[in-house]
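The sequence shown runs 0 to 622 under numbering that gives the first Met the number 0.
From the three backbone atoms N, C-alpha and C, an ideal C-beta is built for every residue, glycine too.
Quick caveat, the model's predicted, so the values are computed rather than measured.
For reference, the structure discussed in these notes is given below.
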Amino acid sequence: MNVKFKFILGAILFSELLSAQRQMEYLKRGIVAIPSDSGVFVSWRLLGIEAQDIHFDLYRTENNSTRKLNEKPLSNETNFLDKTADKTKNYTYFVKSNTQDKSVDIDSANYVANQKPYFSIPLKTPQGYTPNDASVADLDGDGKYEIILHQTGRSKDNSQKGETDPPIIQAYKLDGKLLWEINLGKNIREGAHYTQFLVYDLDQDGKAEIVMKTADGSRDGKGKYIGDPTKNYVNENGMILSGPEFMTVFDGETGAEIHTVNYEVPRFAGSLNPTDEQMTETWGDAKGNRIDRFLGAVAYLDGKTPSVIMSRGYYTRTAIAAWDYKDKKLSLRWLFDTESSEENKKYRGQGNHNLSIADVDNDGKDEIVFGAMTVNDDGKVLNSTGFGHGDALHVGDLDPSNPGLEIFDIQERFDDAGAHFRDGKTGKVLWKLPSTVYSESSKFQGPGRGLSLNIDPRYDGSESWAAGAGLKGVYNTKGKKISNKNPPANMGIYWDGDFLSEILDGTNVSKWDWKKEKSNLIFDAKNFQCESNNGTKKNQALVADLFGDWREEVMYRTADNQELRIFSTTIPTKHRLYTLMHNPQYRLSIIWQNVGYNQPPHTDYYLDESIKEMPKPNVVTIK
Numbered sequence: 000m001n002v003k004f005k006f007i008l009g010a011i012l013f014s015e016l017l018s019a020q021r022q023m024e025y026l027k028r029g030i031v032a033i034p035s036d037s038g039v040f041v042s043w044r045l046l047g048i049e050a051q052d053i054h055f056d057l058y059r060t061e062n063n064s065t066r067k068l069n070e071k072p073l074s075n076e077t078n079f080l081d082k083t084a085d086k087t088k089n090y091t092y093f094v095k096s097n098t099q100d101k102s103v104d105i106d107s108a109n110y111v112a113n114q115k116p117y118f119s120i121p122l123k124t125p126q127g128y129t130p131n132d133a134s135v136a137d138l139d140g141d142g143k144y145e146i147i148l149h150q151t152g153r154s155k156d157n158s159q160k161g162e163t164d165p166p167i168i169q170a171y172k173l174d175g176k177l178l179w180e181i182n183l184g185k186n187i188r189e190g191a192h193y194t195q196f197l198v199y200d201l202d203q204d205g206k207a208e209i210v211m212k213t214a215d216g217s218r219d220g221k222g223k224y225i226g227d228p229t230k231n232y233v234n235e236n237g238m239i240l241s242g243p244e245f246m247t248v249f250d251g252e253t254g255a256e257i258h259t260v261n262y263e264v265p266r267f268a269g270s271l272n273p274t275d276e277q278m279t280e281t282w283g284d285a286k287g288n289r290i291d292r293f294l295g296a297v298a299y300l301d302g303k304t305p306s307v308i309m310s311r312g313y314y315t316r317t318a319i320a321a322w323d324y325k326d327k328k329l330s331l332r333w334l335f336d337t338e339s340s341e342e343n344k345k346y347r348g349q350g351n352h353n354l355s356i357a358d359v360d361n362d363g364k365d366e367i368v369f370g371a372m373t374v375n376d377d378g379k380v381l382n383s384t385g386f387g388h389g390d391a392l393h394v395g396d397l398d399p400s401n402p403g404l405e406i407f408d409i410q411e412r413f414d415d416a417g418a419h420f421r422d423g424k425t426g427k428v429l430w431k432l433p434s435t436v437y438s439e440s441s442k443f444q445g446p447g448r449g450l451s452l453n454i455d456p457r458y459d460g461s462e463s464w465a466a467g468a469g470l471k472g473v474y475n476t477k478g479k480k481i482s483n484k485n486p487p488a489n490m491g492i493y494w495d496g497d498f499l500s501e502i503l504d505g506t507n508v509s510k511w512d513w514k515k516e517k518s519n520l521i522f523d524a525k526n527f528q529c530e531s532n533n534g535t536k537k538n539q540a541l542v543a544d545l546f547g548d549w550r551e552e553v554m555y556r557t558a559d560n561q562e563l564r565i566f567s568t569t570i571p572t573k574h575r576l577y578t579l580m581h582n583p584q585y586r587l588s589i590i591w592q593n594v595g596y597n598q599p600p601h602t603d604y605y606l607d608e609s610i611k612e613m614p615k616p617n618v619v620t621i622k
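Printed below as a string of structure tokens:
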């Protein structure tokens, strides 16, 4: 056992001793069967509650006749390439484990003759709308994910004038059945920084809820209005800077309103119609650019139960509210506000267009990584670099030689910290890269993108890079430049079966060739009439470990906006991991992936080919 592995395994075990078991969502086996060039590729989940020495047998049924496909027990993998399958026939596949744990329902996958190499979800897209960000959760308690989809019409950035269409949120079964539709109404503006939808089982009853900012005229999935639907607070510039603001919990199965509270914090305390002077004094402008920047997440602040995180502002004033949900009611757990004290004012302007949730101090309770600042589980600031606002953020065990978690962050301000790499617990900056090139088109700002993934096997840990402001090259965990070329700086995905990450950019999945310093395309969803979202941001609807083995799926809309297509790898792998959705940090990452500028999920453990034993999640699931 090498020294690095001893260190990683010891850190995992120590962390598990500190942490209470978290209740995570109950999932079925998630077995899928997909056509490949060589037959039918079958894969399934290893659940976080299962023993590390579990093994499986795979069975195929055809015309009421069942046969076992594997000669020896499958103990090193959770996938199988059925080379004997006739792809023009219908089959049913299922697996049995040697334990046959009664807490895990037997699941099966149907392969249909001449099946497409993707999963199709037909949509009921409203006229003039486009499918945008998506999330997943088990809404009805059947152990399978449903899809929650944000449909967008006319959309505006906060800096742009003009009216928008009401944001629409829909829920679908994987077979395309529409469960419900929530229309947030004319008093919620449509745009990347306005509507953050959070989907998770908040009361741990086996069925997920959805939480969103609402207003007068928001309509739930049963057709019931919240507040007064006759009110219209849209001003002559298309902004919404007056009127009541709410936060609502909706039933995930029906879309019905469960509980609504006033949004914390309001635009201006004591007035639903603040003056321009009042908004400028409090937020820095009266145009809605700084005041209406919202973020959201879910965090286990006590280490055992989930809480809702909702925030407002990050350029100047920042307010972060933590809410508990119990007995169908929301209650405020704590409120962090940079204006609440002189001490807190020094933390103004530290937030990003995104956030992350992680246990950076290894006490078993989550922190909110809010750009350059990290807020502890008790609502007090744990640390801050003071570097200010940025557009990209990555948190994980990026450097296995440094204890705990690390953070790679980029900064909009043009200075000597265009990008930096810091210790999660202490906030100590381990290295940084200066912005060097002014660009008028980029408003003389720092880099606009950055990414941190393990893409080069020559170096331990993740490699990091940024795009913009003259930042060039790929850097290892110690800040050493290891390539002069820049891979795309967008998203990552586990796809081809090794423990290196692939790069996801728009509809492309590519592999970084560290020898030739270039990205090699291995999959393109455009070949299947799919499109990415949000213009140059080239976002997917969702990237997550949705089903099958531990590799990730990617979801896109079709070019005609009438369908979602989910793609899953068909490349066999001998590596076996627990489903990533039972890693607490990864699962919470999927909740916030739709928030602001989309970022990829990260686990709280490090992966490379030297890892000999799977990190076992310290979780419990209840049906």
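C-beta atoms of residue i and residue j nearer than 8 Å
i      : j      : result
Asn343 : Asn157 : no
Phe249 : Val260 : no
Gln277 : Gln22  : no
Leu201 : Val374 : no
Ile621 : Tyr25  : yes
Lys86  : Val39  : yes
Asn593 : Asp132 : yes
Ala296 : Leu587 : yes
Ser217 : Gly184 : yes
Tyr313 : Gly283 : no
Asn560 : Asn597 : no
Pro130 : Leu563 : yes
Gly447 : Leu432 : no
Val629 : Asp336 : One cannot answer for residue 629 here, as it falls past the ends of the chain, which runs 0 to 622.
Arg316 : Glu338 : yes
Ile225 : Phe196 : no
6 Å Cβ shell around residue i - same chain, five flanking residues per side excluded
i      : result
Asp603 : Gln584
Lys480 : Gly472 and Tyr474
Thr568 : Trp494 and Arg550
Lys67  : Asp56 and Tyr58
Glu608 : Phe498
Gly478 : Trp430
Ser96  : Ile53 and Phe55
Leu8   : In this prediction, Leu8 has a pLDDT of 48, which is less than 50 and means its spatial position is unreliable; nothing more can be read from the coordinates.
Supposed contact pair residue j and residue i - C-beta distance, whole angstroms, cut 8 Å
i      : j      : result
Thr247 : Met211 : 6 Å
Tyr92  : Arg44  : 14 Å between Cβ atoms; not a contact.
Glu355 : Val368 : Looking at the sequence shown, residue 355 is not Glu but Ser. About 4 Å separates the two Cβ atoms, so the contact holds.
Asn78  : Asp548 : 5 Å
Ala488 : Ala524 : Between Ala524 and Ala488 the Cβ distance is about 19 Å, and since that is not below 8 Å, they are no contact.
Gly220 : Trp179 : 3 Å
Met372 : Val380 : 6 Å
Ser400 : Asp414 : Ser400 to Asp414, Cβ: 28 Å. No contact.
Ala543 : Ile590 : Not confirmed; about 10 Å, so no contact.
Leu452 : Ser461 : 6 Å
Pro571 : Gly491 : Not a contact, Cβ separation roughly 21 Å.
Ala112 : Asn89  : 5 Å
Gly423 : Ala357 : 7 Å
Phe267 : Thr281 : 6 Å
Ser37  : Leu80  : 6 Å
7 Å CB neighbourhood of residue i in its chain, flanking five on each side removed
i      : result
Tyr193 : Ile187, Asp291 and Phe293
Thr98  : Ala50 and Ile53
Own chain partners of residue i with C-beta closer than 8 Å, once the 5 adjacent residues on each side are dropped
i      : result
Lys189 : The question names Lys, but residue 189 in the sequence shown is Glu. Around Glu189: Thr151, Gly152, Arg153, Ser154, Lys155, Thr163, Asp164, Pro165 and Pro166.
Lys515 : none
Val618 : Gln20, Arg21, Gln22, Met23, Gly47, Ile48, His581 and Pro583
Contact test: residue i Cβ vs the ligand ZN heavy atom, cutoff 7 Å
i      : result
Asp408 : This structure lacks the ligand ZN, and indeed carries no ligand of any kind.
* **the segment 224-243 / the segment 317-333 touching (three or more Cβ pairs under 8 Å)** => no
* Asked: Using 8 Å as the Cβ pair cut-off and three pairs as the minimum, do the segment 384-392 and the segment 349-359 touch?
  -> yes
* Asked: Taking the runs of the beta strand (DSSP E) that are 3 residues or longer, which of them lie wholly in the segment 595-619?
  -> none
* Which ranges would you report for the beta strand (DSSP E) in the segment 264-322 if only whole runs of at least 3 residues count? -> 293-298 and 306-311
* For the 8 Å Cβ check, are there 3 or more pairs between the segment 512-532 and the segment 47-55? -> no
* Asked: On the three-pair Cβ rule with 8 Å, is the segment 489-509 touching the segment 540-558?
  -> yes
* Any alpha helix (DSSP H) of 4 or more consecutive residues that is wholly inside the segment 193-251 -> none
* Check whether the segment 276-291 touches the segment 300-307, taking contact to mean three or more Cβ pairs, one atom from each stretch, closer than 8 Å. => no
* In chain order, which continuous runs of the beta strand (DSSP E) of length 3 or greater are located wholly inside the segment 495-548? -> 501-504, 507-512, 517-523 and 541-543
* To do: Would you check if there are 3 or more beta carbon pairs closer than 8 Å linking the segment 120-134 to the segment 57-72?
  => no
* Are there three or more Cβ pairs, one per stretch, closer than 8 Å when the segment 99-118 is compared with the segment 70-77? -> no
* Asked: Fully enclosed by the segment 89-115, which beta strand (DSSP E) runs are 3 residues long or longer?
  -> 90-96 and 107-110
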